[in-house]
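*Asks:*
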Amino acid sequence: GAVVSQHPSRVICKSGTSVKIECRSLDFQATTMFWYRQFPKQSLMLMATSNEGSKATYEQGVEKDKFLINHASLTLSTLTVTSAHPEDSSFYICSAEDRGYGYTFGSGTRLTVV
Amino acid sequence: KNQVEQSPQSLIILEGKNCTLQCNYTVSPFSNLRWYKQDTGRGPVSLTIMTFSENTKSNGRYTATLDADTKQSSLHITASQLSDSASYICVVSGARSYIPTFGRGTSLIVHP
Chain A
1296 GAVVSQHPSR VICKSGTSVK IECRSLDFQA TTMFWYRQFP KQSLMLMATS
1346 NEGSKATYEQ GVEKDKFLIN HASLTLSTLT VTSAHPEDSS FYICSAEDRG
1396 YGYTFGSGTR LTVV
Chain B
5 KNQVEQSPQS LIILEGKNCT LQCNYTVSPF SNLRWYKQDT GRGPVSLTIM
55 TFSENTKSNG RYTATLDADT KQSSLHITAS QLSDSASYIC VVSGARSYIP
105 TFGRGTSLIV HP
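Heads up: the protein sequence lines correspond to chains A and B, in order.
Going letter by letter, the first sequence gives residues 1296 to 1409 in the numbering used here.
Going letter by letter, the second sequence gives residues 5 to 116 in the numbering used here.
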């Protein structure tokens, strides 16, 4: 089946620093990837849609300068949380669609900003 | 507005018992419906995917049903195990948008 690799799985950073999260489709090409944020005991919230070779589409209320998305190839999308603050601490998950298997999710990244 | 409603919000059952989770949606026109299992601190894992013409699909002890006329789906778990404790998420995709609509999930706890 389709596999989406996401790393790091956990990261702790100091307030004010930037953190990059990678999402790779391992055995298929993904022209579109999605980035989600999830707070404890809440459902996934779509942050942005990442399109290969073009600018990402951000959901309302998501700061594009805060959450930088780059989709430079058909197998890699990155999310960079810039100038992180404690309120950015959350669980970030990416997903990509393989037409044979539907949406496949990465294993998630637990970000803690101290 | 497209919506996906799941019930119950949470459920506690004893190991070995069966349970059924519900998903009602308003997404139209409909493309497909997926059930995912999400363990705490992990990404969701696909259990089943059904299109308009499919009424039921099984994956081991998990059986999903779909009634596209009433826009309802259920996920039945047979002979529950402790490892079934997780959040179960219903995701519906429409035919006109590649962005799916997520339900809030049902939190299932299986006690020994």
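Idealized CB from N, CA, C, for every residue including glycine.
Skipping 5 residues on each side, what residues in its chain have a beta carbon closer than 7 Å to that of Val114 (chain B)?
*Replies:* Reading the second sequence from its first residue, position 110 is the one you call residue 114 (chain B). The residues are Ile17, Glu19, Ser84, Gln85, Leu86, Asp88, Ser89.
*Asks:* Under a CB-based cut-off of 7 Å, is Ser1402 (chain A) close to chain B?
*Replies:* Locating residue 1402 (chain A) in the first sequence gives position 107, counting from the first residue. Closer than 7 Å: yes.
*Asks:* Along chain B, which residues have their Cβ under 7 Å away from the Cβ of Ser1345 (chain A)?
*Replies:* Within the first sequence, the letter at position 50 stands for residue 1345 (chain A). Result: empty, since nearest Cβ-Cβ is about 12 Å, beyond 7 Å.
*Asks:* So, are the CB atoms of Ile53 (chain B) and Asn28 (chain B) less than 7 Å apart?
*Replies:* Mapped onto the second sequence, residue 53 (chain B) falls at position 49. Mapped onto the second sequence, residue 28 (chain B) falls at position 24. Going by C-beta atoms, Ile53 (chain B) is not nearer than 7 Å to Asn28 (chain B).
*Asks:* Below 8 Å on the Cβ atoms is my guess for Pro132 (chain B) versus Lys41 (chain B); work out the distance and round it to an integer in Å.
*Replies:* Any answer about residue 132 (chain B) is impossible in this case: the structure gives chain B only from 5 up to 116.
*Asks:* Can you tell me whether DSSP reads Asp88 (chain B) as helix, strand or coil?
*Replies:* By 1-based counting over the second sequence, the position of residue 88 (chain B) is 84. Correct three-state label for Asp88 (chain B): helix.
*Asks:* What does Ile53 (chain B) touch in chain A if you count any residue whose Cβ is under 7 Å from its own?
*Replies:* One-based indexing of the second sequence puts residue 53 (chain B) at position 49. The contacting residues are Gly1397.
*Asks:* Ser1378 (chain A) and Arg1332 (chain A): beta carbons closer than 7 Å?
*Replies:* Taking the first sequence and counting its residues from 1, the one referred to as residue 1378 (chain A) is at position 83. Taking the first sequence and counting its residues from 1, the one referred to as residue 1332 (chain A) is at position 37. No, these two residues do not count as a Cβ contact at 7 Å.
*Asks:* Using a Cβ-Cβ distance cut-off of 7 Å, determine whether Ser1338 (chain A) contacts chain B.
*Replies:* Against the first sequence, residue 1338 (chain A) aligns to sequence position 43. For Ser1338 (chain A), a Cβ of chain B is located within less than 7 Å of the residue's own Cβ.
*Asks:* Got a sec? Which residues, its chain only, sit under 6 Å from Thr55 (chain B) by beta carbon, not counting five neighbours each side?
*Replies:* Here residue 55 (chain B) refers to the residue found at position 51 when the second sequence is read from its first residue. Answer for Thr55 (chain B): Asn36, listed in chain order.
*Asks:* Could you name the residues that DSSP lists as bridge partners for Gly1397 (chain A)?
*Replies:* Locating residue 1397 (chain A) in the first sequence gives position 102, where the first residue counts as 1. Gly1397 (chain A) is bridged by DSSP to A:Asp1393.
*Asks:* Is the Cβ of Arg100 (chain B) closer than 7 Å to any Cβ of chain E?
*Replies:* As a matter of chain content, chain E is missing from the structure shown, whose protein chains are A and B.
*Asks:* Considering just the uninterrupted stretch of the beta strand (DSSP E) at Lys41 (chain B), what are its terminal residues?
*Replies:* The residue given as residue 41 (chain B) occupies position 37 in the second sequence. Where Lys41 (chain B) is concerned, the enclosing beta strand (DSSP E) stretches over 34-42.
*Asks:* At 3 residues or longer, what runs of the beta strand (DSSP E) sit wholly inside the segment 1315-1360 of chain A?
*Replies:* 1327-1333, 1340-1346
*Asks:* Alpha carbon to alpha carbon, how far is Ser1372 (chain A) from Asn1365 (chain A)?
*Replies:* If you number the first sequence from 1, residue 1372 (chain A) lands on position 77. If you number the first sequence from 1, residue 1365 (chain A) lands on position 70. So the two alpha carbons sit approximately 6 Å from each other.
*Asks:* By the three-class DSSP mapping on this structure, what secondary structure does Asp71 (chain B) have?
*Replies:* In the second sequence, the residue the question calls residue 71 (chain B) occupies position 67. Looking at Asp71 (chain B) - three-state DSSP - the assignment turns out to be strand.
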